[in-house]
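Read through the structure below, which is laid out as structure tokens, and then see the notes.
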Amino acid sequence: MKCKVCEKKTENKYCELHEKAYRNIVREYDIWKKTSDVSWNQYLSELVKNPYTGVWAKEVAESLISEIV
Amino acid sequence: MHLERKREKFSKMEKYTLIITEKPDAAKRIAKALDYEEKPEEVKEDGVPYFLAHRDRKLVVVPALGHLYTVVHERGRRNYYPVFNFKWAPRYSAERRAKQTRTWIEVFSRLASNADNFIAACDYDLEGSLIGYCLLKYACDNKENIAKIMKFSTLTKNELEKAYEEPLPHLDFALIEAGRTRHEVDWLYGVNLSRALTLAANRWSGRYATLSTGRVQGPTLKFLVEREKEIQSFVPTPYWTITAEVEIKGSTYEVEYETKTFEKKADADAVMEACRGKIGDVETIEVKKLRQMPPIPFDLGKLQTEAYSLFRYTPRRTSNIAQRLYLEALISYPRTSSQKLPPTIDYRAILKELSKKTIYKNLASDLLGKDELKPVEGKKEDPAHPAIYPTGNLPERELSEPEKRVWDLVVRRFMAVFGEPAIKQSIRACIVVNGHRFYLRGRRVLKEGWTRFYKPYIRAEEVLLPDIKEEEKVSMKQIMREDKFTKPPPRFNPSSLLQKMEEEGIGTKATRADIIETLYSRGYVAEERIVVTDLGFDIADVLGRYCPRVTSVKFTRELEEKMEKIQTNNEDRVNVLVEAVDQLKPVLQELKEREQTIGQVLSQAVKRARVQERTIGNCPHCKTGKLMILYSRKTRKRFIGCTNYFKGICTTSFPLPQKGTAKPAQKNCQACEWPLVFVRLKGRRPWMLCFNPNCPLKEGRRKRDEMQSLREEN
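Line by line, the protein sequences give chains A and B.
Per this note's numbering, the very first residue in the first sequence carries number -6; after that it's consecutive.
Per this note's numbering, the very first residue in the second sequence carries number 1454; after that it's consecutive.
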């Protein structure tokens, strides 16, 4: 299996590094929902735009957006 | 024949004392200090300088060039591992770039043959002791047991004379054993692990690339990789703050809300709504006096940190500047971990000398007027040297700007440690607006104390408040909500990384800065705010996966502690070496068994790094390709071309200078935004090249040239 983002060989959907970013995205959504009441899609778009979002987190967010589309 | 004649010449000379120093500058200064007339004769033999001085007897002061001997593989080829058999040998036999050490050692041997007394006057630390020991043992034919030591912390005349008159009776063998062990353990780790990585990559790809790691380099890279992972996978979360301004007696002041952050935007909005345009009351005014104690004296780490924060000098640069100042006898020995200044250095004498310089005159006089001078000191001690302090000597030449800065910093810090505590006043007025509390904060200096001496390097500013009283009315002029996001942890810079290494207890004060530079030169990290490259990630990944013990901070620290114990005779060199080999054996076995997999990962990483090194940026024409530095197969000439050329989509290309080196500058042109190329040519100042033929900057220059030629024609 290949990582959805970087195409590195992996046993899961994402490689180890992108998996870490994915887990962060899922975990932090709870806080975003509580504070700003945004939908999952809006949340992902915000992450892609935000200058503080890490590169891997942005890549995972972009990949998740493209899956939805 | 030539050598024979020289030996004859030396044997005819009267017997003398041979004084061994670490570097030529130190030799010159020692010879000058010890010569009765302060005019030693400089002699050059095959390009090696040494000095003849006369005191109670004839002295020959001869310098080394740092380490002239090193650990080498006892026998065998270079391209295999594991290797555990080593010996100490001249550097020229192991390193191509160390050819000159051969003549140096030959001169040492010649001079030693006619000496009847030997003194080691190298730096009194691990490295210096080892340099002196190796020369006495190998170049001077086993004189290590009869040699004495000149121990000093500054290269001033007084201290050098005292060190000569009262030498230590024998070498510090415990220190030497510790130094030898450190070099040998580092060699065992460095050679074996680096060969394992390099050979794995070479055998898989058939192409050579040097990949290295080491006992301290591995864990240091691990810190950086862990931080990089946190930054790259960071997901920010929103929060809100409130800032407000109040008007008091016609002036505006910023106040802060009692709750620093809001988790919900609505809560922040509610506070704004409640306070906007309202009048508040000053509920309480709290005034506190704070005593700020003077700073502690500099050890090397603290000096490096301070110089980075004030001047942005890398730790290695600061260490080199400090070493130069030491060799000029302006400051004491800088490679110290002591934060203590013993009274024996004679504080008053130093201050008296410093007061001869106009800018320090008043400051030094103030301190000299005190009945007792007692420095504030830190906890750390170093048995060999005190903390860094100025010798009191004034520069004999015009110092360069960086040298001036570091010297001034050392001088002012020295004076500051004798200063009185600074007394500061902090005021906090609590203003209540419609039930919400805001704080107005001010601070001012009541007594300068030590800060007077350290003034140029103190950044805190005073915030003066108006004369307000409790129950006074204050109007809310402006209230704003700020939308903010949490930020990722900061990147390490060379200074904070050095501090981290120090905190974790890995490496030594002498090696930490060099290890950081090695990470840069190997291409594992880049930029001042350190970014780990893909190659760095892959190296750390391989080490972490197949030999986690090698990158374990705990394991590295334990080994460091054992090596330190050798210094105090509480641990045995052989035990430490045996343990290091026992730890390495299974690691190397594992690496060998997985050589193919590791080789594939590393080869690909090297390939990617090489492509990255040549990639300049996006193609401005086709927008999808990348511009790279390429070489023509026909002419072997270098140019910039688009990667889409190979797909038949884009033929964009630009010429490049054929001489010197050219690499991506990682910056864009200010005028046209095209990526720049950094060109370095021997004998010329490096420059940034914008290869856009229509760049407005070039247009402007072309027009200026045309106007110039027109004027000349007229």
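From the three backbone atoms N, C-alpha and C, an ideal C-beta is built for every residue, glycine too.
Compare the C-beta of residue i against all C-beta atoms of chain B and say whether one is closer than 9 angstroms.
i, result
"Ser29 of chain A", "yes"
"Thr3 of chain A", "no"
"Glu21 of chain A", "yes"
"Lys(-5) of chain A", "no"
"Asn34 of chain A", "no"
"Leu57 of chain A", "no"
"Val6 of chain A", "Reading the sequence as shown, one finds Lys at residue 6 of chain A and not Val. Chain B, which has no Cβ nearer than 9 angstroms to the Cβ of Lys6 of chain A, makes this no."
"Val48 of chain A", "yes"
"Ile18 of chain A", "yes"
So who's on the other strand from residue i, going by DSSP bridges?
i, result
"Gly1447 of chain B", "For residue 1447 of chain B there is no data in the structure shown, the boundaries of chain B being 1454 and 2167."
"Phe2131 of chain B", "B:Lys2116 and B:Met2141"
"Tyr1503 of chain B", "B:Val1496"
"Pro1543 of chain B", "B:Tyr1522"
"Lys1742 of chain B", "B:Gln1878"
"Lys1511 of chain B", "B:His1507"
"Met1933 of chain B", "B:Thr1696"
"Phe1570 of chain B", "The question names Phe, but residue 1570 of chain B is Asn in the sequence shown. Paired residues: B:Thr1470."
"Met2081 of chain B", "B:Thr2068 and B:Gly2094"
"Ala1979 of chain B", "B:Val1984"
"Pro1843 of chain B", "B:Ile1784"
"Val1886 of chain B", "B:His1889"
"Pro1516 of chain B", "B:Thr1474"
"Val1916 of chain B", "B:Arg1896"
"Leu1621 of chain B", "B:Ile1602"
"Asn2121 of chain B", "B:Pro2128"
"Val1908 of chain B", "It is worth fixing the name first, because residue 1908 of chain B is Lys in this sequence and not Val. The partner list for Lys1908 of chain B (beta bridge, DSSP) is empty, contrary to what the question assumes."
"Lys2 of chain A", "A:Lys(-5)"
"Pro1691 of chain B", "B:Phe1938"
Check whether chain A comes within 9 angstroms of residue i, counting only Cβ atoms and requiring the distance to be less than that.
i, result
"Glu2123 of chain B", "In the sequence under discussion, the amino acid at residue 2123 of chain B is Gln, which differs from the Glu named in the question. By this cut-off, Gln2123 of chain B is not an interface position."
"Ile1684 of chain B", "yes"
"Lys1900 of chain B", "no"
"Tyr1692 of chain B", "yes"
"Phe1687 of chain B", "yes"
Hey, quick one: how far does the beta strand (DSSP E) through residue i stretch, first residue to last?
i, result
"Arg1890 of chain B", "His1889 to Lys1900"
"Met1725 of chain B", "Taken as a continuous stretch (DSSP letters only), Met1725 of chain B belongs to no beta strand (DSSP E), being part of the alpha helix (DSSP H) at Lys1718 to Cys1728."
"Arg2091 of chain B", "Arg2091 to Cys2095"
"Ser2106 of chain B", "Ser2106 to Pro2108"
"Ser1704 of chain B", "Ser1704 to Tyr1710"
Residue range of the alpha helix (DSSP H) that residue i falls in?
i, result
"Ala2033 of chain B", "Arg2026 to Glu2046"
"Ile1968 of chain B", "Arg1965 to Ser1974"
"Phe1764 of chain B", "Leu1753 to Phe1764"
"Met1868 of chain B", "Glu1854 to Ala1869"
"Asn17 of chain A", "Glu9 to Ser29"
"Asp1824 of chain B", "Careful: Asp1824 of chain B lies outside any alpha helix (DSSP H) and carries neither H nor E."
"Asn1946 of chain B", "Element bounds for Asn1946 of chain B: n/a, residue is neither H nor E."
"Glu1423 of chain B", "Outside the modelled stretch of chain B, which goes from 1454 to 2167, sits residue 1423 of chain B, for which no answer is possible."
"Asn2147 of chain B", "Element bounds for Asn2147 of chain B: n/a, residue is neither H nor E."
"Leu1650 of chain B", "Phe1626 to Ser1658"
"Pro1672 of chain B", "Gln1670 to Gln1685"
Which whole-angstrom value is the C-beta distance of residue i and residue j, which I expect to be below 8 angstroms?
i, j, result
"Thr1714 of chain B", "Cys1575 of chain B", "Rounded, the Cβ-Cβ distance is 56 angstroms, inconsistent with contact."
"Gly1754 of chain B", "Glu1955 of chain B", "5 angstroms"
"Gly2078 of chain B", "Pro2128 of chain B", "Their Cβ separation, rounded to whole angstroms, is 13 angstroms, which puts Gly2078 of chain B and Pro2128 of chain B out of contact at 8 angstroms."
"Pro1493 of chain B", "Pro1516 of chain B", "In fact, because the Cβ distance is near 12 angstroms, the residues do not count as touching under 8 angstroms."
Does the CB of residue i have a neighbour CB from chain D at under 9 angstroms?
i, result
"Ile61 of chain A", "The structure shown contains no chain D; its protein chains are A and B."
Inset, instruction - Note down, in chain order, all residues in the region 1714 to 1732 of chain B with a beta-carbon under 8 angstroms from any beta-carbon belonging to chain A. - result: Glu1716, Lys1717 and Lys1718
Inset, instruction - Can you give me, in chain order, the residues of the region 2084 to 2112 of chain B that have a beta carbon less than 7 angstroms from any beta carbon in chain A? - result: Within the region 2084 to 2112 of chain B, no residue has a Cβ that lies closer than 7 angstroms to any Cβ of chain A.
Legend entry - Short-range partners of chain A found in the region 1920 to 1945 of chain B, where Cβ spacing is below 8 angstroms: Phe1938, Thr1939, Lys1940 and Pro1941
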